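Written below as structure tokens is the structure these notes are about.
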Amino acid sequence: MKKYYALASVAVLVLASSLTVVYLEGSFADPTNSYTYSYEGYEVTQTSCSIEGNIATVGYTITGEGCGNENNTYTIAYEIGDENALSFGTGNITGSSTIVLVPPKVVDDSGTYVVSGLKLGSTGGSAQSIQKLLISMVDDDGNLRELNIPSTISPFSYATSLNELYINADVTIGGKLISSNSAASDVPIHKIHISKLSNCAASTVIQLKNNTDADHDLIVEAQVGAGTTVGNFDNKDRVKGTTTLKLLPGSVKATSLNLTTFDRVLCNAAEWPASTELSDLANAITSTATIGFYGPAIRVNLADDSVDKGASTTVTISALDLSGVSSLYFNISYDETKFNLKSPAYSDALDSADIKGDLAGGEYVVAFASPQDITGDLMTFQLEAKDDAAAGEYQISCVVEVNGTVVDGVNHPEHTYSGSAMLTIGNTLGDLNGDDVVDENDAVYLLLYTFRASTHPIPEGQNVDYNNDGVVNSDDAIYLKNYVVNPTQYPLGGA
Numbered sequence: 108m109k110k111y112y113a114l115a116s117v118a119v120l121v122l123a124s125s126l127t128v129v130y131l132e133g134s135f136a137d138p139t140n141s142y143t144y145s146y147e148g149y150e151v152t153q154t155s156c157s158i159e160g161n162i163a164t165v166g167y168t169i170t171g172e173g174c175g176n177e178n179n180t181y182t183i184a185y186e187i188g189d190e191n192a193l194s195f196g197t198g199n200i201t202g203s204s205t206i207v208l209v210p211p212k213v214v215d216d217s218g219t220y221v222v223s224g225l226k227l228g229s230t231g232g233s234a235q236s237i238q239k240l241l242i243s244m245v246d247d248d249g250n251l252r253e254l255n256i257p258s259t260i261s262p263f264s265y266a267t268s269l270n271e272l273y274i275n276a277d278v279t280i281g282g283k284l285i286s287s288n289s290a291a292s293d294v295p296i297h298k299i300h301i302s303k304l305s306n307c308a309a310s311t312v313i314q315l316k317n318n319t320d321a322d323h324d325l326i327v328e329a330q331v332g333a334g335t336t337v338g339n340f341d342n343k344d345r346v347k348g349t350t351t352l353k354l355l356p357g358s359v360k361a362t363s364l365n366l367t368t369f370d371r372v373l374c375n376a377a378e379w380p381a382s383t384e385l386s387d388l389a390n391a392i393t394s395t396a397t398i399g400f401y402g403p404a405i406r407v408n409l410a411d412d413s414v415d416k417g418a419s420t421t422v423t424i425s426a427l428d429l430s431g432v433s434s435l436y437f438n439i440s441y442d443e444t445k446f447n448l449k450s451p452a453y454s455d456a457l458d459s460a461d462i463k464g465d466l467a468g469g470e471y472v473v474a475f476a477s478p479q480d481i482t483g484d485l486m487t488f489q490l491e492a493k494d495d496a497a498a499g500e501y502q503i504s505c506v507v508e509v510n511g512t513v514v515d516g517v518n519h520p521e522h523t524y525s526g527s528a529m530l531t532i533g534n535t536l537g538d539l540n541g542d543d544v545v546d547e548n549d550a551v552y553l554l555l556y557t558f559r560a561s562t563h564p565i566p567e568g569q570n571v572d573y574n575n576d577g578v579v580n581s582d583d584a585i586y587l588k589n590y591v592v593n594p595t596q597y598p599l600g601g602a
């Protein structure tokens, strides 16, 4: 699988139109008729609610990015069911030409109505001017609720101004999510965010024709359980633009993705653990897309995840997509009571630096006469676990500051990036009873292990098949005793 490094704006999702089914179950404490709540940086205040027959007209104001204090109204048809639920209404959105937010509940003088089923239609062109649609599907504790888009619904097909769709829900897609079948119904959407995608059974999820947008980006968080398939993200019939799937942390089990016509699959390296491998994310992807990390980011890479007391491992600090670098500062953090840092060395990516700080000083700085774009290893060093260090897991971290300046005596780096990794210190090789000494008592402990493994467990990381014959028995206990007397003639293997 080819590794690809890309630097782009943090993208999100993909394409949209105009019919939506929203399931939101549960009850809420009664607020007042006018209530306010916040969502994704927007503050929404319900200002009115009138019910005539089976029609509810809800008014609200919204403030936030992209809008001032806009007045919005949406109208839904409803039936009051159990627990005051508004179920499967069909109606129109009217009001704002920019931001429309679907609240999770409606309030009138008689009580609170939970929006458990809602279709947002486009009859009479009332939804044609919507540019951003946000759907919040959370309970009072912030947990995601289920949003099931059945195969009979094509939710976002005709909202011709819609450019961003944000669904904060646990989503199951059974049918086409996005469809634009002619130039006349061309959808400009470039961003769709799905907080969590649990299942996708549709044969075609996105179908665009004659779309002129430069980029169509899809961001998916898929925490897929056993037996669940996330597949068939087929951007069918796309004529122009680049379509990107960005996998969020939590997508590690998404290994059945069919991405037939996506151009690239990315994951933001700054958001994922440093130990993440691409094969963990998408080892069964069917796609012509390039799979790669998404920067910029700093990584702390360990040659080994564990080290014995008195032993060392190599640590490499690397960068993804640092651009316009005139100067760099490194700050490496580790528990100095447990480790010694040795043999720091700048890597080849910094060979052209015009100034390099003295590595022995413990502070690492470099500068370039002209700005550089840097991807690759920055420096390496050895981290030695001290002989008296306690066994355990320790964080090794690095902060890299880019293009330092001073204004009024205060440091103002242009960018700051950080990365970290966890390094485990194991027990001293051969120290089986945990007393920090390797002696004949450890040989006795090993002999007891061959009879009573449950009461005399071997510490994690200790390989006690010292003679490498495939079994652990008294021969290994005798080998360990011989090691105590003559370690040169009887060396212990690696843990």
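In this note's numbering, the protein residues as written are 108 to 602.
Glycine residues also receive a C-beta, built at the ideal position from the N, C-alpha and C atoms.
Predicted, not measured: the structure shown is a model, and the values here were computed from it.
Assignment of residue 532 by DSSP, reduced to helix, strand and coil, places it in the strand class. Under the DSSP assignment, residue 440 falls in the beta strand (DSSP E) whose first and last residues are 419-440.
Setting aside the 5 residues that flank it on each side, residue 527 is surrounded in the same chain by 381, 407, 502, 503, 504 and 505, each with a C-beta closer than 8 Å to its C-beta; the list follows chain order.
The DSSP-derived three-state label of residue 501 is strand. For the pair residue 590 and residue 537, the CB atoms are nearer than the 8 Å cut-off.
For residue 526, the pairing in a beta bridge is given by DSSP as 505. Secondary structure note for residue 491: its beta strand (DSSP E) is the uninterrupted segment 471-492. Counting along the chain, the unbroken beta strand (DSSP E) around residue 415 starts and ends at 413-415. Here residue 461 has 474, 475 and 476 as same chain residues with Cβ atoms under 7 Å from its own Cβ, once five neighbours each way along the sequence are excluded.
In this structure, residue 405 sits away from residue 552, with a CB-CB distance that is not shorter than 8 Å. Under the three-pair Cβ rule at 8 Å, the region 511-523 does not count as touching the region 540-554. Boundaries of the alpha helix (DSSP H) around residue 552: 547-556.
One thing to note: residue 493 has its Cβ no nearer than 8 Å to the Cβ of residue 534. The beta-bridge partner set that DSSP reports for residue 408 consists of 423. Classified as buried, residue 416 has 16 or more neighbouring CB atoms from the shown chains inside 10 Å of its CB. Residue range 446-453 is occupied by the beta strand (DSSP E) that includes residue 449. In the displayed model, residue 514 falls within a strand according to three-state DSSP. Beyond the five residues adjoining it in sequence on each side, residue 497 comes within less than 8 Å, by CB distance, of 445 and 532 in the same chain, given in chain order. Straight-line measurement puts the Cα of residue 418 at about 36 Å from the Cα of residue 479.
Residue 573 sits in coil when the DSSP states are folded into three classes, being neither helix nor strand. Of the residues 495, 437 and 586, the one whose Cα lies closest to the Cα of residue 472 is 437. The three-state reading of DSSP puts residue 589 in helix, counting H, G and I together. A buried status is given to residue 275, since no fewer than 16 other beta-carbon atoms sit within 10 Å of its beta-carbon.
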